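Data block below; observations after.
Residue numbers (the numbering used here), protein chains in the order written: chain B, 646 to 903; chain Z, 18 to 273.
So this is what it looks like as structure tokens:
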């Protein structure tokens with residue numbers, strides 16, 4: 646057990662250090678979501694005057710978006726790094742050692758989860774600085790971090806799966822627009838009940854990203870909403886379990902010793 | 018004449034590459050359509066915000082922004098191609114072979130226009146198909162597309178200047194990010210009068226705001242600040258022309 650723990654620790658440390666040494670991989674997930682938050686909260690502030698809008702602060706409403714957008718960056722970072730390991734032959738060399746495959750996956754995702762926690766801390770701090778207060782109180786912060794870590798883990802595992810299946814960093818990068826489409830066709834900018842176009846409301850309702858956003862949003866502007874939390878954690882947990890299973894299978898295939 | 022011959026050759030090659038390679042053309046076509054869908058479809062209730070008085074409706078309101086955005090990003094995407102030409106060594110051979118190098122920049126600009134015209138055609142057809150209201154007459158619409166064309170050329174010249182200085186695809190974010198910022202610091206979702214605070218202050222001094230607001234006025238058939246918008250767009254083209262041609266000199270000095 647301690648050997649496995651050592652392997653996981655070393656690979657997680659490598660993952661974090663490697664990310665930290667590439668400023669673009671650190672800065673982009675922190676700055677880009679904050680920039681989008683600034684642009685959208687400035688441009689759509691007037692939306693809070695619509696009857697039925699759940700808060701008077703659009704920043705509070707939109708603060709959920711960076712948490713999910715940050716997870717998309719986790720997908721890209723985890724997948725691209727792992728794909729690079731495949732392309733450079735690092736994974737092949739590892740497969741010649743006694744290292745267990747699960748340690749590689751756990752280590753890689755450990756780094757992603759660490760980055761996810763750092764991102765969540767930055768997003769929340771920025772929100773607090775600009776005056777957002779969590780309706781769920783200090784306990785809500787704990788739940789928010791747990792959710793951010795779960796989502797980072799799930800999306801990171803999806804990135805790892807894509808990398809292990811394709812072995813190509815470019816293929817992983819090409820997933821980004823797909824995830825971006827899911828983000829924009831959700832309740833990202835307006836509550837679902839205020840979406841006027843029926844087809845768009847239906848798409849947003851069928852889109853799991855809407856429920857991830859609404860889970861975070863409930864902690865910020867509603868307080869303790871059991872349904873939103875159950876849906877958010879349930880969907881995030883399902884994505885994580887599915888992605889981990891797929892990534893483990895892909896890893897076994899990739900590391901098959903012949 | 019030699020300048021035109023070089024420009025024609027560069028433009029033809031660039032357009033041939035773009036239109037025969039789906040991975041180059043499809044994203045630049047799909048992104049505006051996607052933004053149009055997400056903004057016009059998802060945010061249509063914004064027209065009910067007190068003070069929102071754009072008479073042609075939210076679809077037309079967003080169409081103008083997305084048309085201008087497609088123009089700007091058409092220029093930036095063509096800039097990516099210039100950087101790729103430098104990375105592959107093609108630009109070095111082009112600099113050696115071209116009897117007049119000014120034609121190289123003109124050729125890339127013509128290609129950016131051709132590429133954007135294809136995107137604009139598809140976007141316009143789809144917008145009309147989903148029932149977008151158009152209040153402007155032919156002259157107004159010509160003005161709207163002329164503004165977009167100027168923005169397309171300005172963005173290409175900006176991206177070309179960056180590509181010719183850095184000569185690597187890694188400069189992609191440097192080309193793209195400022196354009197993204199300038200576009201989104203304009204009144205994207207609501208008219209300028211409904212913005213408040215810091216974003217209103219930035220949008221007021223942002224030259225793209227004039228272009229967006231005038232474009233919306235032209236589509237609605239009630240032109241406002243058109244001369245100021247054309248002035249701002251032409252100023253951008255002139256400023257980025259200097260930037261691009263200095264970039265060309267920089268590439269020449271470096272031996273590409």
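A virtual CB, placed ideally from N, CA and C, is assigned to each residue, including glycine. Note that the coordinates shown come from a computational prediction; the quantities given were computed from them, not determined experimentally.
Does the CB of residue i have a neighbour CB from chain Z at under 8 Å?
| i | result |
| --- | --- |
| residue 670 (chain B) | no |
| residue 830 (chain B) | yes |
| residue 865 (chain B) | no |
| residue 834 (chain B) | yes |
| residue 823 (chain B) | no |
| residue 903 (chain B) | In this prediction, residue 903 (chain B) scores a pLDDT of 47, lower than 50, which makes its location untrustworthy; the coordinate-derived value is nonetheless stated afterwards. Not an interface residue. |
| residue 845 (chain B) | yes |
| residue 826 (chain B) | yes |
| residue 691 (chain B) | yes |
| residue 665 (chain B) | no |
| residue 876 (chain B) | no |
| residue 842 (chain B) | yes |
| residue 684 (chain B) | yes |
| residue 612 (chain B) | The requested residue 612 (chain B) is not part of the displayed model; chain B covers only 646 to 903. |
Could you tell me the distance, in whole angstroms, from the CA atom of residue i to the CA atom of residue j?
| i | j | result |
| --- | --- | --- |
| residue 251 (chain Z) | residue 167 (chain Z) | 7 Å |
| residue 64 (chain Z) | residue 77 (chain Z) | 11 Å |
| residue 697 (chain B) | residue 260 (chain Z) | 49 Å |
| residue 754 (chain B) | residue 760 (chain B) | 10 Å |
| residue 145 (chain Z) | residue 52 (chain Z) | 16 Å |
| residue 66 (chain Z) | residue 731 (chain B) | 52 Å |
| residue 876 (chain B) | residue 858 (chain B) | 10 Å |
| residue 212 (chain Z) | residue 220 (chain Z) | 8 Å |
| residue 691 (chain B) | residue 104 (chain Z) | 46 Å |
| residue 821 (chain B) | residue 189 (chain Z) | 16 Å |
| residue 709 (chain B) | residue 72 (chain Z) | 33 Å |
| residue 809 (chain B) | residue 728 (chain B) | 7 Å |
| residue 216 (chain Z) | residue 254 (chain Z) | 25 Å |
| residue 668 (chain B) | residue 800 (chain B) | 21 Å |
| residue 778 (chain B) | residue 787 (chain B) | 14 Å |
| residue 170 (chain Z) | residue 798 (chain B) | 43 Å |
| residue 23 (chain Z) | residue 263 (chain Z) | 19 Å |
| residue 183 (chain Z) | residue 124 (chain Z) | 20 Å |
| residue 785 (chain B) | residue 862 (chain B) | 11 Å |
How would you list, in chain order, the residues of chain A whose beta-carbon sits under 7 Å from the beta-carbon of residue i?
| i | result |
| --- | --- |
| residue 216 (chain Z) | Within the model displayed, chain A is absent; protein chains B and Z are what it includes. |
Going by alpha carbons, who is nearest to residue i out of the options?
| i | options | result |
| --- | --- | --- |
| residue 894 (chain B) | B:824, B:858, B:853, B:803 | B:803 |
| residue 147 (chain Z) | Z:43, Z:235, Z:79 | Z:79 |
| residue 226 (chain Z) | Z:183, Z:82, Z:43, Z:35 | Z:82 |
| residue 891 (chain B) | B:868, B:747, B:772, B:833 | B:747 |
| residue 851 (chain B) | B:866, B:868, B:867, B:832 | B:832 |
| residue 149 (chain Z) | Z:269, Z:54, Z:27 | Z:54 |
| residue 162 (chain Z) | Z:61, Z:107, Z:22, Z:235 | Z:235 |
| residue 704 (chain B) | B:770, B:792, B:751 | B:770 |
| residue 57 (chain Z) | B:882, B:901, B:889, B:841 | B:841 |
| residue 707 (chain B) | B:756, B:758, B:688, B:898 | B:688 |
| residue 676 (chain B) | B:715, B:686, B:654 | B:715 |
| residue 650 (chain B) | B:725, B:684, B:752 | B:752 |
| residue 241 (chain Z) | Z:257, Z:182, Z:160 | Z:160 |
Taking the alpha helix (DSSP H) that residue i falls in, what are its first and last residues?
| i | result |
| --- | --- |
| residue 768 (chain B) | 746-774 |
| residue 70 (chain Z) | Taken as a continuous stretch (DSSP letters only), residue 70 (chain Z) belongs to no alpha helix (DSSP H), as it is neither H nor E. |
| residue 869 (chain B) | Where residue 869 (chain B) is concerned, there is no enclosing alpha helix (DSSP H), given that its DSSP letter is neither H nor E. |
| residue 34 (chain Z) | 19-36 |
| residue 901 (chain B) | No alpha helix (DSSP H) contains residue 901 (chain B), which DSSP labels as neither H nor E. |
| residue 56 (chain Z) | Per DSSP, residue 56 (chain Z) belongs to no alpha helix (DSSP H) and is neither H nor E. |
| residue 242 (chain Z) | Segment: none, residue 242 (chain Z) is in no alpha helix (DSSP H) and carries neither H nor E. |
| residue 848 (chain B) | 843-851 |
| residue 652 (chain B) | 647-665 |
| residue 132 (chain Z) | 119-146 |
| residue 837 (chain B) | Looking at the DSSP string, residue 837 (chain B) is not in any alpha helix (DSSP H), and its letter there is neither H nor E. |
| residue 63 (chain Z) | Residue 63 (chain Z) -> no alpha helix (DSSP H), and no H or E assigned at all. |
| residue 307 (chain Z) | No answer is possible for residue 307 (chain Z): it lies beyond the span of chain Z, which begins at 18 and ends at 273. |
Contact criterion: CB-CB distance below 8 Å. Does residue i meet it with respect to chain B?
| i | result |
| --- | --- |
| residue 87 (chain Z) | no |
| residue 62 (chain Z) | yes |
| residue 50 (chain Z) | no |
| residue 213 (chain Z) | yes |
| residue 91 (chain Z) | no |
| residue 55 (chain Z) | yes |
| residue 251 (chain Z) | no |
| residue 162 (chain Z) | no |
| residue 94 (chain Z) | no |
Subject >> Whole alpha helix (DSSP H) elements within the region 148-234 of chain Z, 4-residue minimum >> reply: 155-183, 189-201, 214-222
**OP:** Identify every run of the alpha helix (DSSP H) within the region 689-743 of chain B, keeping only runs that are complete inside it and at least 4 residues long; order them along the chain.
**Re:** 703-707, 709-732, 735-740
**OP:** Go through the region 798-835 of chain B residue by residue and report every complete run of the alpha helix (DSSP H) that reaches 4 residues or more, in order.
**Re:** 814-818, 820-829
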